[in-house]
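Take a look at the structure set out below.
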């Protein structure tokens, strides 16, 4: 037997178990799920020393293997992060159960009563990179929506993830959950990912979280549907008639408040008629914050300190204190730029013109479109949806924050009294 | 240049044009879309002689190539079918516009107003087999939801489809629609399908309609998300305490009313305690209708005329006057059977026990779950959703009938007054 066959067999076994668990979860009550989440939080508390011990081994190995300091930082589980993880489970227990909601219901002339009910998606395959807290966060969200989960974390965090998963499973057992609701792929072999993402009969959706390379590889090779979050090339467009102060503060916030995240702005588009009066002071503000500006020729006429932007810049998610700047002649040029170079994540307009608010809101084809507000609000908690498992830049099923409701699907329950066609 | 490269280039060009058209459609009003649908209906009327002429060529070729008589029948466009197609466009014009609906909206403490708005999916790739009326039906539904469509019909219907698409495009031009909203792949080369289903940057979803082989091939090779309808292995479970008359009529209807469609029943599950009193008469009714029964050993004790069912039978979508019959000892055995062998399409229980209605409604994991009604109701029109483009047995985005609302997605429009994070 080839090694890849053995790996496939192991992963398939997890799939069989997960499908069985997902069916059993359809009979588990809200109370039982919430009790399990608290029991899992308790188990994580109890096993914190062991989890930290395993994490220290991962961290030591990571350093030895030459992981970057940023990677090592993401890997570390200190007391603060453990507490946040534990509190996260308790918070999810407090959220409303998304399963069983009647999304709509109606009665037909023949007397049939139709209900469109929220139901679990089924089995979710979660593929992620170094942060071990994702193990608990993702498992808890999936459980709350009555989904079984198969977790596949980064190989550099395998021992940490295993220790966390063990504690979660212990909590689940104590609360009387069905077996195999939460499973972690116990091997770091890459063939395990291939097996997971092609196991249509047992896995209903793959959610990859990590760098673009990981996500692209998963999307290209998966036969299971994938809920993707590629990247956030977000724009702020400052319109011809805009409140200068609002525009300065929105751009500054969208770029600087946390530049390393997907909803931070990467490109500023400025209407040519407001450039003279508004752009130089904006540049001063950003440069004083340490932002490197890269402009097109027209922007550089107003702010000669800008570096020239290349074609590549417009496509780039810097995740850093860099902003590309382009002058446009009207709102349609701005929208065309956003559609051509953007990633459909979060894009904002700053304008005082009602017509342009409506045009931008209607025409811009992004998961979140902002009118006079910072792009930084695209987030499950900020939207009032509670914790999220990621932000989808896909168009089907879920767009924007993927929180509890997005981890459900629906079915029709049709009740009659003997109706035939 | 290889032929496959040329094909890819042609299809990519359609993709570029479709994406542009889909952006332009975001600015097209409901009235304009409805006028275009009527103009398309008029153009189909006007060009009926030409369409029938092209269709006659397709039919003659099909016969010469030895297409089965069923295939030839599906291919034929007679006056009745032309009228139905034309009326279909007018009916879709009358349906409410699904785009722009506010699915929900709320205000955050910081004053931000969030709206979750229905928006078009974007570009839809439709792959279908012989029936040429799908060209008009699918194009009209997609247009009504402001999507651009790229059509790829069966090669045996290429001239018919082209003639229909020409008429639709003429109607669109007359009504001032953006160009390239409706496009048909003008070549029957198989590489065109490969190009279409891997063109992520230009196509947002593929909807295949046809046999299981077609759908499986598309699903396995696509990188674009696919909305699938595999098959309907539908069940009727007759519970221990059931109204005998209702149960007879529901099973008869689910099996016999139109056996060749996906929501027809293929398997009947009967509680062991009702079998003696109920099953023999059911068998008489079905056999008198010409249904061949294939039973497990316990069913054959009550109805010796049944053929023995093989393991394969439980998985089979007969699409014919054949029904497999199994005796079960309780509702859970019925549900397990449905989950193991079913296709998650439409499954029914006949019972007078409220608890069992609730259990079946909750636990059965199918797109449509029926309580005391025939499975034959799973259909967009029957559900009150209007015309449908297909029935999804997938779990994400759309489950069950895919009608206008399912051809939309959503985005968040967030309106503020300078809010920053």
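Residue numbers (this note's numbering), protein chains in the order written: chain V, 2 to 422; chain F, 2 to 422.
For glycine and all other residues, C-beta sits at the position ideal for the given N, C-alpha and C.
If you look at residue 236 of chain F, you'll find it in the beta strand (DSSP E) that goes 235-239. Taking each of F:286, F:274, F:223 and F:227 in turn and checking the Cα distance to residue 393 of chain F, the smallest one comes out for F:227.
Residues of chain F whose Cβ lies closer than 8 angstroms to the Cβ of residue 27 of chain V are, in chain order, 363, 364 and 366.
For residue 107 of chain F, the number of other beta carbons within 10 angstroms of its own is below 16, and it is reported as exposed.
When the Cα atoms are used, residue 333 of chain F and residue 363 of chain F turn out to be separated by approximately 12 angstroms. Taken in chain order, the whole beta strand (DSSP E) runs of length 3 or more contained in the segment 96-178 of chain F are 103-108, 114-121, 124-129 and 149-153. Neighbours of residue 226 of chain F in chain V, taken as residues whose beta carbon is under 9 angstroms from its own, are 226, 227, 395, 396, 397 and 398 in chain order.
Comparing alpha-carbon positions, the option among F:325, F:43, F:5 and F:373 lying closest to residue 247 of chain F turns out to be F:373. Only residues of its own chain outside the window of five on either side were considered, and among them 72, 75, 76, 155, 157 and 158 have a CB closer than 7 angstroms to the CB of residue 131 of chain F, listed in chain order. Minimum Cα-Cα distance from residue 32 of chain V among the listed residues V:133, V:147, V:52 and V:116 corresponds to V:147.
At a Cβ-Cβ threshold of 7 angstroms, residue 44 of chain V and residue 168 of chain V count as neighbours. Between the C-alpha atoms of residue 144 of chain V and residue 380 of chain F there is a straight-line separation of about 32 angstroms. A straight line joining the alpha-carbon of residue 283 of chain F with that of residue 273 of chain F spans about 14 angstroms. Rounded to the nearest whole angstrom, the C-alpha separation of residue 170 of chain F and residue 216 of chain F is 28 angstroms.
Taking each of F:293, F:290 and F:118 in turn and checking the Cα distance to residue 100 of chain F, the smallest one comes out for F:118. By a beta-carbon distance limit of 8 angstroms, residue 161 of chain V contacts residue 56 of chain V. Their separation comes to about 4 angstroms. Residue 103 of chain F counts as exposed, since fewer than 16 other C-beta atoms from the protein chains shown sit within 10 angstroms of its C-beta. With fewer than 16 other CB atoms across the displayed protein chains lying within 10 angstroms of its CB, residue 382 of chain F is exposed. For residue 356 of chain V, the closest C-alpha among the options V:240, V:414 and V:21 is that of V:240. Note on residue 64 of chain V: under 16 other CB atoms within 10 angstroms of its CB, so exposed under the neighbour-count rule. A Cβ-Cβ separation of about 6 angstroms places residue 405 of chain V in contact with residue 142 of chain V under the 8 angstroms criterion. Here the C-alpha atom of residue 232 of chain V lies approximately 48 angstroms from the C-alpha atom of residue 255 of chain F.
Taking C-alpha positions only, residue 50 of chain F is separated from residue 68 of chain F by approximately 24 angstroms. When Cβ-Cβ separations below 7 angstroms define contact, residue 375 of chain V makes contact with chain F. The C-beta of residue 341 of chain V has fewer than 16 other C-beta atoms within 10 Å across all chains shown, which makes the residue exposed.
For residue 318 of chain F, the three-state secondary structure derived from DSSP is coil. With respect to the C-alpha of residue 338 of chain V, the residue from V:92, V:40, V:314 and V:353 having the closest C-alpha is V:314. Counting along the chain, the unbroken alpha helix (DSSP H) around residue 280 of chain F starts and ends at 273-289. The C-beta of residue 24 of chain V has 16 or more other C-beta atoms within 10 Å across all chains shown, which makes the residue buried. Put simply, the backbone Cα of residue 14 of chain F is about 12 angstroms away from that of residue 193 of chain F.
Listed along the chain, the chain V residues whose CB falls inside 9 angstroms of the CB of residue 109 of chain F are 378, 383, 384 and 385.
Assigned with DSSP and collapsed to three states, residue 210 of chain V falls in strand.
A distance below 8 angstroms between beta-carbons, with the five flanking residues on each side excluded, links residue 212 of chain V to the following residues of its chain, in chain order: 130. Between the segment 343-356 of chain F and the segment 287-304 of chain F, the count of C-beta pairs closer than 8 angstroms stays below three; the two stretches do not touch. CA-to-CA, the gap between residue 359 of chain V and residue 307 of chain V works out to about 32 angstroms.
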